[in-house]
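Okay, so here's the structure we're looking at.
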Amino acid sequence: MANQTAPKKSKPPKSQSDYSAKQITVLEGLDPVRKRPGMYIGNTASEGLHHLIWEVVDNGIDEAMAGFCTQIDVELLPDGTVQVTDDGRGIPVDIHKTAKVSALEVVMTKLHAGGKFGEGGYKVSGGLHGVGVSVVNALSEFTKAEVRRDKKTWIQEYERGKPKKKVKPIGPAKTTGTTITFKPDPEIFTVTEFNLQTIIDHLRQQAYLTKGIRLNIIDSRDKHKLAYSFYFEGGIKSYVKHLNVNVEPKHDNVFYAEKEVDDVKVEVAVQYSNEYKETLFGFANNIYNPEGGTHISGFRTALTRSLNSYAKKKNILKEKDQPLSGEDCREGLTAIVSVKIKEPQFEGQTKAKLGNAEVKSIVDSVTSDALGTFLEENPRDAEAIVGKC
């Protein structure tokens, strides 16, 4: 598998948002997690095991979406330990007003504690109900959190979710960021060996969905140290090209739209191929929604209306002709619809379907406006697309 390479971008300024202990809201402790882990990570087999990595990576992705992280490194160590490092602002270490301990300890040991709850932390975030890193801590026999911020390096270690000592500084820091090292607890998991390909697939997808971030994976379990790096300046446009790599595209230019309306950021990428099947993926805050939702409904409505409008305008469809159906318009379609929203409403525990009613009309209008312009400005692509329908 070829590595994706690009020059590393300079880090954004760190003073753009107030991120301290004040943004950390505490709801409850960790005991329920070890008693019923399936409620938090799905299961205790391979899927749940890998979810531990996803949750720690999500912390860095949240920082990236807020504009404060450019790189996340994941390393699989020979003893079954995983180390995840990001170059974000670093988890706050100041004393939490309510808990009376370091905010780092709160984030690591309290359920539902994090910058994604309450105002002033993250505008949007993914992750599994925001319980991420504390759940990882609860389900690991050993965890270490190392934070670089305020020109110091801070550390705290944990055993099955409980802190061994208080958060303490161990030296200076020239950079900022967080490193979480954890070893999944064999008392909890029926499977404790990570699958490299599963991790590669997930990190690649997150790199596509978070334009401009670099995600690295190093497998140090192998004596040759296998390393992969993913960086996609094109974001979901690159994702669509990747999905179509083994098929013949019907047109050269990938349609792409990006716009923020009423605090909902919409990205849409489309390319048709000579295939007959529809490949359409919907994401909300980088979370895949296999059952679609309002963002997918809005996109499909806009697609059908826009293609019919163009076909009639160019006299491809005559007055007596039946309009193109939704199925007609999606034949051979490869598309990604990604929305980032402050308070996503999901149907079901697995976040399979997005339910925010306002998203449908926003995605519809963003897609319609941009697709109409694209078809007018790219007549060869337009003819190929409508001809496919």
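Residue numbers (the UniProt record's numbering): 1 to 389.
Using N, Cα and C, we set each Cβ at its ideal position, and we do this for glycine too.
One or two residues paired with residue i in a DSSP bridge
i           : result
G177        : R148
T153        : R148, G171
R36         : The partner list for R36 (beta bridge, DSSP) is empty, contrary to what the question assumes.
P184        : S140
residue 394 : One cannot answer for residue 394 here, as it falls past the ends of the chain, which runs 1 to 389.
I236        : According to DSSP, which records beta bridges pairwise, I236 is partnered with nothing at all.
P163        : Y158
N274        : BP columns for N274 are empty, so no partner.
P249        : S273
K22         : According to DSSP, which records beta bridges pairwise, K22 is partnered with nothing at all.
T334        : Q271, T279
E75         : Q83, I218
Check whether residue i and residue j have beta carbons under 8 Å apart
i    : j    : result
T46  : V191 : In the sequence on display, residue 46 carries Ser and not Thr. Yes; because the gap between Cβ atoms is below 8 Å, this pair is in contact.
R214 : Q83  : no
G282 : L354 : yes
G48  : D86  : no
G42  : K183 : no
V264 : K237 : no
F194 : L77  : no
V247 : I336 : no
V386 : I199 : no
L371 : S273 : no
G235 : K211 : yes
K151 : A173 : yes
G161 : T98  : no
L139 : V33  : yes
Neighbour-count burial assignment, residue i, 16 or more Cβ in a 10 Å radius
i    : result
T181 : buried
Q156 : buried
G348 : exposed
A207 : buried
S325 : exposed
N285 : buried
S134 : buried
Y276 : exposed
R330 : buried
G132 : buried
V245 : exposed
T373 : exposed
Q322 : exposed
P169 : exposed
Q197 : exposed
P37  : buried
Sequence-distant residues of its chain with Cβ nearer than 7 Å to residue i (five each side left out)
i    : result
G90  : V147, R148, R149, T176, G177, T178
H129 : Interpretation of H129 is limited by its pLDDT of 44, a score under 50 that renders its predicted location unreliable; the figure taken from the coordinates is listed afterwards. Cβ within range, chain order: n/a, list empty.
V63  : Strictly speaking, residue 63 in this sequence is Glu, with Val absent from that position. For E63, where only same-chain residues beyond five positions count, the Cβ hits under 7 Å are C69, D86, G88, R89.
E291 : A352, K353
H224 : none
N356 : T294, I341, P344, Q345
Neighbourhood of residue i by C-beta distance below 8 Å, restricted to the same chain and skipping five residues each side
i    : result
P186 : E141, T192
K360 : T294, H295, S297, G298, T301
T279 : L243, L333, T334, A335
D94  : S20, A21, S102, A103
G171 : K152, T153
A2   : Any reading at A2 needs caution, since the residue's pLDDT is 48, under 50, leaving its predicted position unreliable; the model's value is listed next. So the list is empty, once near-sequence residues are dropped.
N315 : none
S368 : A302, R305, S306
Beta-carbon contacts of residue i that lie in its chain and below 6 Å, excluding the five residues immediately before and after
i    : result
V363 : V266, H295, G298, F299
Y256 : K237, A269
K164 : E157
E358 : none
V366 : A257, K259, V266
F189 : T44, L49
N137 : M108, T143, Y158, G161
L375 : Y310, A382
L226 : D219
L317 : A311
N308 : P323, L324
R380 : none
Runs of beta strand (DSSP E) wholly within the stretch 81-110 (minimum 3 residues, chain order): 82-86
Length-filtered (3 minimum) beta strand (DSSP E) runs lying within the stretch 253-320: Listed in chain order, they are 255-261, 264-272, 279-284.
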